[in-house]
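Quick note on numbering: the sequence shown equals residues -17 to 241 in the working numbering.
Backbone N, C-alpha and C define an ideal beta-carbon position, used for all residues, glycine too.
This one's a predicted model, so the numbers in the text were calculated from it and none came from an experiment.
Notes follow the structure.
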Amino acid sequence: MKKYLLMILLLLNAVLSGCGEESPPPSQTASSQVRQNPNAGGQPAQSASQKQPWPFIKEESGGRELAANLTAKNYLLVFDGSGSMSGSECAAGKTKIEAAKAAVAEWSKTLPENANLGMVAFYQSKWASLPLTGGKKDKFIRFIKELNAGGTTPLTEAFEKAYKELTRQGQSQLGYGEYTIVSVTDGYANDPDSLSQWVRYILSDSPIMIYTIGFCIGKDHSLNQPGYTVYKAADNPDELRQGLREVLAESETFDESDF
-17 MKKYLLMILL LLNAVLSGCG EESPPPSQTA SSQVRQNPNA GGQPAQSASQ
33 KQPWPFIKEE SGGRELAANL TAKNYLLVFD GSGSMSGSEC AAGKTKIEAA
83 KAAVAEWSKT LPENANLGMV AFYQSKWASL PLTGGKKDKF IRFIKELNAG
133 GTTPLTEAFE KAYKELTRQG QSQLGYGEYT IVSVTDGYAN DPDSLSQWVR
183 YILSDSPIMI YTIGFCIGKD HSLNQPGYTV YKAADNPDEL RQGLREVLAE
233 SETFDESDF
């Protein structure tokens, strides 16, 4: 009898000792880690609690003004007006910037009136921007005709500005519609590594498509990322115009259900 009593006491002691132990903290999984932005200095940071998908619409901001057309297509042109665009190679007797402006103006007229078109341009070490708007493209054409070549090639900053403008538009369209950055450039970015990281960030965090025409620079460019971006090399004004026409063809094959 004493033997059985001793065994019961030992068992109770073991149970009570176990109840006083703390469970180890759960290990941190990949899903709980904060995704680091590739360019911490320039890209919008997201905390672990900010789980909204692009375009990052917050529930408490229900009073925002919505776009008239929630399913509109949006094209944001990044236009390179750097100093190298004053050259005449590949431009059929014109300067490259004159050939590019003419091609872009012609292309803008082919967009549907219910599509929104905007622009971010760098030229003569300055910035110029035109917000996304629909309707006739007369203002866009007048705007681009005023650009003159000069300065460096801050493509990274231009893509940041384009991304933010399209994100604002995405919020007003509740994320519906289509969003495309169209870049026309004849040069290499001031910081190609940063540009590559920005491109990957945009493509991984949003449905924005990136379409680039490299004018007289071939295919060796940080914006040429097969499987991620669409890149066309243009060695003359005709190829530049053709590349711009193909932007609309790419848009027509875009399927929103992919996102």
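If you draw a straight line from the Cα of residue 41 to the Cα of residue 156, it is about 12 Å long. Residue 48 counts as exposed, since fewer than 16 other beta carbons sit within 10 angstroms of its beta carbon. By the CB criterion at 9 Å, residue 99 and residue 145 fall outside the cutoff. The straight-line gap separating the alpha-carbon atoms of residue 122 and residue 112 is approximately 8 Å. Runs of the beta strand (DSSP E) spanning 3 or more residues and lying entirely within the segment 154 to 234 occur at 160 to 167, 191 to 197, 212 to 216, in chain order. Its chain contains 85 as the residues whose beta carbon lies nearer than 6 Å to that of residue 223, once the 5 sequence neighbours on both sides are disregarded; these appear in chain order. Restricting attention to 180, 164, 95, the CA atom closest to the CA of residue 196 is found in 164. Judged by DSSP secondary structure, residue 81 falls within the alpha helix (DSSP H) whose first and last residues are 78 to 90. Under the 10 Å beta carbon count, residue 52 is surrounded by fewer than 16 other beta carbons and is classified as exposed. Secondary structure note for residue 125: its alpha helix (DSSP H) is the uninterrupted segment 120 to 127.
Per DSSP, residue 111 is one residue of the beta strand (DSSP E) stretching across 108 to 115. Per DSSP, residue 132 is not a residue of any beta strand (DSSP E), being assigned neither H nor E.
CA-CA distance, residue 74 to residue 154, rounds to 42 Å. Of the candidates 173, 71, 82, 66, the residue whose Cα lies closest to the Cα of residue 194 is 82. In the DSSP assignment, residue 56 is bridged to 98, 161. At the C-beta level, residue 89 and residue 227 come within 9 Å of one another. Annotation for residue 136: 104, 172 place their beta carbon closer than 7 Å to its own, counting only its chain and skipping 5 residues before and after. One alpha carbon belongs to residue 70, the other to residue 78, and they sit about 6 Å apart. Here residue 151 is buried. Its C-beta has 16 or more other C-beta atoms within 10 Å.
Excluding five sequence positions before and after residue 200, the CB atoms of its chain that fall closer than 7 Å to its own CB belong to 215, given in chain order. Excluding five sequence positions before and after residue 158, the CB atoms of its chain that fall closer than 6 Å to its own CB belong to 52, 53, given in chain order. Rounded to whole angstroms, residue 189 and residue 160 show a C-alpha spacing of 8 Å. Under the three-state reduction of DSSP, residue 75 is assigned to coil, being neither helix nor strand. In the structure shown, residue 141 adopts helical secondary structure according to DSSP, grouped into three states.
The DSSP-derived three-state label of residue 65 is helix.
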